[in-house]
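As structure tokens, the structure follows; a few thoughts come after it.
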Amino acid sequence: MNCSVVIPVYRGQETLPLLVERLAKVLPTLAEKYEVILVNDDSPDDSWAVICGLAERYPWVRGIRLMRNYGQHNATLCGVRAARYEICVTMDDDLQHPPEALPTLLAELERGFDVVYGAPKKLPQAWWRNWMTRAIKIILAWVMGVPSVRNISAFRAFRTSLREAFVNFRSPSLTLDVLLSWGTSRFTSVQVDIEAAERPSNYRFGALVKAAILILTGFSTAPLRFASWLGFFMTLFGLAVLMYVMAIYFTAGSLPGFPFLASIISIFGGTQLFALGIFGEYLARMFDRIMDRPPYVIAAQVGTER
5 MNCSVVIPVY
15 RGQETLPLLV
25 ERLAKVLPTL
35 AEKYEVILVN
45 DDSPDDSWAV
55 ICGLAERYPW
65 VRGIRLMRNY
75 GQHNATLCGV
85 RAARYEICVT
95 MDDDLQHPPE
105 ALPTLLAELE
115 RGFDVVYGAP
125 KKLPQAWWRN
135 WMTRAIKIIL
145 AWVMGVPSVR
155 NISAFRAFRT
165 SLREAFVNFR
175 SPSLTLDVLL
185 SWGTSRFTSV
195 QVDIEAAERP
205 SNYRFGALVK
215 AAILILTGFS
225 TAPLRFASWL
235 GFFMTLFGLA
245 VLMYVMAIYF
255 TAGSLPGFPF
265 LASIISIFGG
275 TQLFALGIFG
285 EYLARMFDRI
295 MDRPPYVIAA
305 QVGTER
């Protein structure tokens, strides 16, 4: 079994040497041929200099520098497309994903699965972030059409041939897990000990919300259907209010006052703006794809001639 390890790098100058050192101990026990692809996502620190030094020290380390910051999934996609071997592993650069757990993931692939996730036994973040993470994973599993897999993570092993399912994909907005689901439905997960991160996460609350909206509007039509059903039920509600007003008029001889009218207008106005917001998200996704912006652009590479 030959293996390619893809690691998107952002602010990783302190953690990369130790991570590669740990991989150097694990990979020879797992594969005949192996490589580590470090994709520098325009990190503002000296990560690229560290990557170049590691590529000189280790013949199986390759480095790719992107022209600007495209995001974690885009950088990972770049590395996946550059992978040479039949098994691909993705992991973070902050030492949260232990290289020593790789044998567990690869063992599940040998059982016939195409994608294996390394799920944390316990989420290491604050309670609100853990809650948001669980919610996003549920949404993502539902969009992928594999609701049984709720333990989706960036620590994954899969067959590199799955990239043929999205070989022509070109969009700056992407989620790698959804792209993988275009090629297979054989997903599973195993629990691993996720270590404490060596630095604060780059994903803040706003980034998590943005990721959830991207998953829903970028790869699913469910929000559009929700807007249609919301409009239908609000129409029924409007008819019910009309019947109520007519009943009050014919029985009491007067109509409800201004507060009642203002509340009804607010409800319907808010519903319309909410539906327009959903349509706007889909128009934004269409705009991105019509612009034909690439998911990433490579600026430089090291260690690719070996």
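Here the sequence shown stands for residues 5 to 310, numbered as in my numbering. Don't be surprised by glycine CBs; every beta carbon is placed ideally from N, CA and C.
TODO: Express the C-alpha separation of residue 118 and residue 190 in angstroms, rounding to a whole number.
DONE: Here residue 190 refers to the residue found at position 186 of the sequence shown. Here residue 118 refers to the residue found at position 114 of the sequence shown. Here the alpha carbons of residue 118 and residue 190 stand approximately 5 Å from one another.
Open item on the list: For residue 265 and residue 171, what's the separation of their Cα atoms in angstroms?
Closed with: Translated into the one-based positions of the sequence shown, residue 265 becomes position 261. Translated into the one-based positions of the sequence shown, residue 171 becomes position 167. Rounded to the nearest whole angstrom, the CA to CA distance from residue 265 to residue 171 is 55 Å.
- [ ] Provide the residue span of the beta strand (DSSP E) that contains residue 11, from first to last.
- [x] As a working mapping, residue 11 is identified with position 7 in the sequence shown. From DSSP, the beta strand (DSSP E) with residue 11 extends over 7-13.
- [ ] Given a cut-off of 8 Å, decide if residue 82 and residue 8 are closer than it, judged by their beta-carbon atoms.
- [x] Reading the sequence shown from its first residue, position 4 is the one you call residue 8. Reading the sequence shown from its first residue, position 78 is the one you call residue 82. In this structure, residue 82 does not lie closer than 8 Å to residue 8 by Cβ.
Open item on the list: Going by the DSSP bridge assignment, what does residue 91 pair with across the sheet?
Closed with: On the sequence shown, residue 91 is found 87 positions in, with the first residue counted as 1. Paired residues: 7 and 163.
Open item on the list: Alpha carbons only, please: which of 229, 272 and 169 is nearest the one belonging to residue 243?
Closed with: Looking up residue 243 in the sequence shown gives position 239. The residue with the shortest Cα to Cα distance from residue 243 is 272.
TODO: Specify whether the stretch 62-74 and the stretch 284-291 touch according to this definition: at least 3 beta carbon pairs, one from each stretch, less than 8 Å apart.
DONE: Taking 8 Å as the limit for Cβ pairs, the verdict is that the stretch 284-291 does not touch the stretch 62-74.
Task: Helix, strand or coil at residue 123 according to DSSP, with G and I counted as helix - done: Counted from its first residue, the sequence shown places residue 123 at position 119. Three-state result, residue 123: strand.
Open item on the list: Tell me the DSSP secondary structure of residue 305 in three-state form.
Closed with: By one-based count along the sequence shown, residue 305 stands at place 301. For residue 305, the three-state secondary structure derived from DSSP is strand.
TODO: Would you tell me roughly how many angstroms separate the C-alpha atoms of residue 168 and residue 178, rounded to the nearest one?
DONE: For the purposes of this step, residue 168 is taken as residue 164 along the sequence shown, with counting starting at 1. For the purposes of this step, residue 178 is taken as residue 174 along the sequence shown, with counting starting at 1. Answer to the nearest angstrom: the Cα atoms are 16 Å apart.
- [ ] Please report how far the alpha carbon of residue 98 lies from the alpha carbon of residue 174, in whole angstroms.
- [x] Here residue 98 corresponds to residue number 94 of the sequence shown, with the count starting at 1. Here residue 174 corresponds to residue number 170 of the sequence shown, with the count starting at 1. Residue 98 and residue 174: Cα-Cα distance of roughly 28 Å.
TODO: Check each candidate in 5, 286, 44 and 252 and name the one with the smallest Cα separation from residue 11.
DONE: Against the sequence shown, residue 11 aligns to sequence position 7. For residue 11, the nearest C-alpha among the options comes from 44.
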